[in-house]
Amino acid sequence: MYKIAVIGDKHSILAFKALGIDVFAPTDAMDARKTVDRLAKEGYAIIFITEKLASFIPDTIRRYDQLYKPAVILIPNSQGTLNLGMERISEYAEKAVGTKLL
Numbered sequence: 001m002y003k004i005a006v007i008g009d010k011h012s013i014l015a016f017k018a019l020g021i022d023v024f025a026p027t028d029a030m031d032a033r034k035t036v037d038r039l040a041k042e043g044y045a046i047i048f049i050t051e052k053l054a055s056f057i058p059d060t061i062r063r064y065d066q067l068y069k070p071a072v073i074l075i076p077n078s079q080g081t082l083n084l085g086m087e088r089i090s091e092y093a094e095k096a097v098g099t100k101l102l
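Here it is in C-alpha cells:
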C-alpha cells in the first residue's frame, strides 16, 4: 500500500492528520526541501504540499514533475489559494492535448 503525506503550515495540515494521512510542518524552505526529498526516498506515492510552501522550493517541485512517483500536488493553505495548483493543472492539460483548455 502506498503512503500519502501532506506538507505545510500547522493550521493548514492538521485536518489531514484526522484522516490518517502523515503530516509534516517544516519550519523553512530548506527543511521543506529536505522533507520532500526524504518522503520521496521513503516511498510516498502522493505528497500534497501547500502552494505557499511550494512557492519557496520551485526547483524541488519541478524535479519531481519528471518522475512517475511521487506525485507532488499543490493545495491551498488555510489562508486561501495562490492559484499555483490550478496553473500546474492547466500546464499539464495543455501538454497532454496540445492546446490550452482552462
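Once you know that position 58 of the sequence shown is 58 in full-length UniProt numbering, the rest is easy, because the numbers rise by one and skip nothing. Glycine is no exception: its CB is placed at the ideal position from the N, C-alpha and C atoms.
| query | In the structure shown, what three-state DSSP assignment does residue 69 receive? | reply | To locate residue 69, count along the sequence shown from 1; it is residue 69. If DSSP states are grouped into helix, strand and coil, residue 69 belongs with coil.
Next on the checklist: Suppose only complete runs of 4+ residues qualify. What are the alpha helix (DSSP H) ranges in the stretch 15 to 79, listed by chain order?
Outcome noted: 29 to 41, 51 to 54, 58 to 65
Subject >> Beta-carbon proximity of residue 46 to residue 71, cut-off 8 angstroms >> reply: Against the sequence shown, residue 46 aligns to sequence position 46. Against the sequence shown, residue 71 aligns to sequence position 71. Yes, the Cβ-Cβ distance between residue 46 and residue 71 is below 8 angstroms.
message = For residue 53, which residues in the same chain have their Cβ closer than 6 angstroms to its Cβ, ignoring the five residues on either side in sequence?
response = On the sequence shown, position 53 is the one that residue 53 refers to. Excluding positions up to five away in sequence, the list reads 8, 32.
Inset, instruction - Please list, in chain order, all residues of the same chain as residue 4 whose beta carbon is under 6 angstroms from its beta carbon, the five residues on each side excluded. - result: Counting from 1 along the sequence shown, the entry for residue 4 is found at position 4. Hits under 6 angstroms: 21, 46.
Where does residue 12 land, buried or exposed, given buried means 16+ other C-beta within 10 angstroms? On the sequence shown, position 12 is the one that residue 12 refers to. Answer is buried; the Cβ neighbour count reaches 16.
- prompt: Going by the beta-carbon positions, is the gap between residue 29 and residue 10 smaller than 8 angstroms?
  reply: Counting from one through the sequence shown, the residue named residue 29 turns up at place 29. Counting from one through the sequence shown, the residue named residue 10 turns up at place 10. Taking 8 angstroms as the Cβ cut-off, residue 29 and residue 10 do not qualify as a contacting pair.
- Selected residue, minimal CA-CA separation from residue 57, among 41, 37, 44: Locating residue 57 in the sequence shown gives position 57, where the first residue counts as 1. Ranking the options by Cα distance to residue 57, first place goes to 37.
- request: Give the DSSP bridge partners of residue 7, in chain order.
  value: Residue numbering aside, residue 7 sits at position 7 when the sequence shown is read from its first letter. BP columns for residue 7 point to 24, 49.
From residue 62 to residue 23, what distance separates their C-alpha atoms?
-> Looking up residue 62 in the sequence shown gives position 62. Looking up residue 23 in the sequence shown gives position 23. Approximately 21 angstroms between the Cα atoms of the pair.
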